[in-house]
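The block underneath contains the structure these notes are about, expressed in structure tokens.
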Amino acid sequence: MSTYTLSWTGNLIQVWSIFSLDVKVHVQ
4 MSTYTLSWTG NLIQVWSIFS LDVKVHVQ
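Numbering-wise, the sequence shown is residues 4 to 31 according to the numbering used here.
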């Protein structure tokens, strides 16, 4: 359970960082 939650959170952070980088590139 704890490992699954950790992996899910890691995926979410990865997706968010890619998304925010994409937004920054488009803004600039």
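Beta carbons are placed, not taken as given, at the ideal position from N, Cα and C, and that holds for glycine.
- In the three-state reduction of the DSSP assignment, residue 31 falls in the coil class, being assigned neither a helical nor a strand state.
- Rounded to the nearest angstrom, the gap between the Cα atoms of residue 13 and residue 31 is 27 Å.
- Non-local beta-carbon contacts of residue 8 in its own chain, meaning distances under 6 Å to residues more than five positions away in sequence, are absent.
- Sequence-distant partners of residue 20 (beyond 5 residues in either direction) whose C-beta falls short of 8 Å from its own C-beta are missing from its chain.
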